[in-house]
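Convert by adding 1 to the 1-based position in the sequence shown; the result is the number in the numbering used here. Taking it in order: structure first as C-alpha cells, then the write-up.
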Amino acid sequence: MSWGFWTVVGIVVLGFVWLISLYNGLVAARNRFKNAFAQIDVQLKRRYDLIPNLVETAKGYLKHERGTLVAVIAARAGAQSANQRAAANPADAEAMKKMIAAEAGLSGALGKFFALSESYPELKANQTMMQLSEELTSTENKISFARQAYNDAVMSYNTAIESFPDNFVAGFGGFKEATLLEATESPEEKKPVKVSFG
C-alpha cells in the first residue's frame, strides 16, 4: 500500500470524526434547550399548584364573582394541558405555540382575578392570601428567569443548526428549528401578573 492510499484513508477518517463531532455538538445543544424547558416546566407546575389554593381562599370573599374564579380555573386547566404537550417534546413548534397562547390566557385571567381582588379589603388582608400571592410572585419571577435561560439555549441551538457547516449535518440528522418563548402581541398580556396584597 502506498503512502497516498494512507493519506486518503487518514483524510476520510478525519472527515468522519469531524462530522461525528458536529453531530454530537448539535445533540448537546438540543439537549441544553430541552433541559432549559424542563426548568420552566418545574416552575409552571408550581404555579399550577398555587392557583387552586388562591381560588379556594378567595372563594368565600368573591361569592358574586364566580365567573372570574371559573375563568381562572379553566385557564389553568388549558395551560396545564398545553404545557404537558409541550413538555413531551419541546422541539414541537405547534405544541410550543399552543402553550404560549394558553399561558397568555392564564396570565390574563390571573390579572383580572387580582384586579378584582383589590376591591375586597378583607381578602387583601387575609394572611393565607398574602402568603399565596407572595409565593406566586416568587414563582412568576423564577418562570421569567427560566424562560430567559430557555430562550438563550434555543438561540444557541438555532444558530448552530443554521450555521455552516453544521447546517448540512443538521439537515441530514433531522434537527429542526426550536421555538422561542415570546410575548404575545396583546399589550395587556405583556404586563406582568400583579399579585401584591400589601
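Here a beta-carbon is modelled for each residue, glycine too, at the ideal position from N, C-alpha and C.
Close beta carbons around residue i, own chain, < 8 Å, minus the five adjacent residues each side
i	result
ILE41	ILE144, ALA147, ARG148, TYR151, LEU182
MET100	ALA80, ALA83, ASN84, ARG86, ALA87
ASP167	LEU23, GLY26, LEU27, ALA161
SER154	The sequence as given places Ala at residue 154; Ser does not occur at that position. So the qualifying residues of the chain are ALA30, ARG33, PHE34, ASN36, ALA37.
GLN44	THR140, LYS143, ILE144, ALA147
Residue i versus residue j - alpha carbon distance
i	j	result
ALA96	GLY172	22 Å
GLU178	ARG67	42 Å
PHE115	GLU136	14 Å
ARG48	LEU27	32 Å
ILE162	GLY16	19 Å
TRP19	ILE12	10 Å
GLY175	SER120	54 Å
GLY106	THR69	13 Å
ASN54	ASN90	29 Å
LEU117	LYS46	24 Å
SER164	VAL9	27 Å
ALA92	ALA39	12 Å
LYS60	LYS125	13 Å
ILE21	THR138	45 Å
PHE6	VAL170	27 Å
Nonlocal neighbours in the same chain, by C-beta distance under 7 Å from residue i, ignoring five residues either side
i	result
ALA110	ALA72, VAL73, ALA76
THR58	ASN127, THR129, MET130, LEU133
ALA30	SER157, TYR158, ALA161
ALA94	THR180
VAL56	LEU70, VAL73, ILE74
GLU123	TYR62
LYS98	THR180
Collapsed DSSP secondary structure at residue i in the structure displayed
i	result
TYR24	helix
THR180	coil
PRO53	helix
PHE165	coil
GLY16	helix
GLY172	helix
SER145	helix
SER3	coil
Nonlocal neighbours in the same chain, by C-beta distance under 6 Å from residue i, ignoring five residues either side
i	result
ILE52	ARG77
SER3	none
SER104	Before going on, a small fix: residue 104 reads as Glu here, not Ser. Cβ neighbours of GLU104 beyond the five flanking positions: ALA80.
Unbroken alpha helix (DSSP H) runs of length 4 or more, entirely within the region 59–126: which are they? 67–89, 94–118, 122–126
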